[in-house]
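Take the sequence shown: its letter number 89 is residue 89 in full-length UniProt numbering, and every next letter is one higher.
To start, the structure itself, in structure tokens.
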Amino acid sequence: MRVSDLLKGLLAITTFAASASAAPSTEASKRTSGNTTVERFPHMYAFSELAPGSGSFEQPYFRFLILFRMKPNATEEEVNEHWKTVHADLTMTLDDFHQLKKHREMIKPLLDMGGMAIAPYDGIAEFHAKNYASFERFLMDAFNDPANTADHQHFVDSSVPLQVMAGYDNLIFGGAVKTSGGVNGILPLDERLRGQKQG
């Protein structure tokens with residue numbers, strides 16, 4: 001397992017709706033199909049760097065998420081403590097995310113508005129690597145390590161398959177993960193964020 005293949009970082013990936021005092025781009029929103037670009041709907045871009053073809057701050061690292069459910073007879077406290085100590089040390093998981101009861105309660109007002117629900121998982125392990133091949137080598141090493149696979153029995157609900165997501169991030173709002181060679185999205189002090197909201 002090569003630690004240099006994985007780089008730590010937590011990204012705030014958001015879309016941000018705001019008008020700007022600067023002159024917006026008039027480019028139409030487009031979709032590419034093969035070599036053809038198809039106009040989908042007209043849109044006045046307040047942030048020209050978000051217009052089609054601009055790249056929208058795609059980050060240079062491969063990102064992989066593993067979502068899991070905790071073992072039914074374990075407590076949140078037990079799982080959290082074990083995961084961030086013993087399991088992290090065994091697997092060198094350089095970033096992880098988990099949702100505790102207090103965090104679910106914190107976002108309850110958002111859920112009460114409707115249209116959102118808590119994801120049916122107890123934790124997410126997040127990995128950044130220079131490319132897919134680097135990550136695959138790391139994960140195969142981790143899954144072939146008897147100590148690591150035995151450790152899963154302490155906190156992972158093995159009756160539910162691990163769910164995964166993979167790809168490259170588009171960081172719309174926030175600072176880059178510098179150690180991963182990332183690029184900044186739209187930063188909080190950008191003057192265009194001070195514009196009036198359109199009604």
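Glycine is no exception: its CB is placed at the ideal position from the N, C-alpha and C atoms.
Quick caveat, the model's predicted, so the values are computed rather than measured.
- Query: So who's on the other strand from I186, going by DSSP bridges?
  - Reply: F173
- If you check the beta carbons only, do F62 and V164 fall under 8 Å apart? no
- If you count every other CB in all the chains shown that lies within 10 Å of the CB of Q59, and 16 or more means buried, which is it? buried
- Task: With DSSP collapsed to three states, give me the class of L90.
- Result: helix
- Query: Between S158 and the rest of its own chain, which residues show a CB-CB distance below 6 Å, the 5 nearest in sequence each way excluded?
  - Reply: none
- Message: Excluding the 5 residues flanking A150 on each side, which residues of the same chain have their C-beta closer than 8 Å to its C-beta?
- Response: none
- Where N144 and D89 are concerned, what is the direct C-alpha to C-alpha distance, given to the nearest angstrom? 16 Å
- Within the chosen definition, does the region 105–117 reach the region 37–51 through at least 3 CB pairs nearer than 8 Å? no
- Message: Here's the rule: buried if 16 or more other CB atoms are within 10 angstroms of the residue's CB, otherwise exposed. What is A147?
- Response: exposed
- Task: Quickly, what does DSSP pair V164 with across the bridge? List them, please.
- Result: I66
- Query: Excluding sequence positions up to five away, which residues of its chain have a Cβ less than 6 Å from the Cβ of K102?
  - Reply: none
- So who's on the other strand from F155, going by DSSP bridges? None, per the DSSP bridge assignment.
- Query: Under the three-state reduction of DSSP, which class applies to H128: helix, strand or coil?
  - Reply: strand
- Message: Output needed for S56: all residues of its chain with C-beta closer than 6 Å, excluding positions within five of it in sequence on either side, in chain order.
- Response: L50 and N170
- Message: Using CA atoms only, rank isn't needed, just tell me which of V79, F68 and P52 is closest to H154.
- Response: V79
- Task: Within 10 angstroms of the Cβ of Y121, are there 16 or more other Cβ atoms? Answer buried if so, exposed if not.
- Result: buried
- Among the residues of its own chain, which have a CB less than 8 Å from the CB of V156, if the five just before and after it don't count? F68, R69, M70, K71 and L162
- Among A133, I107, E105 and W83, the one whose alpha carbon lies nearest that of I124: W83
- Out of I172, K108 and E136, state which residue places its alpha-carbon closest to the alpha-carbon of P188. I172
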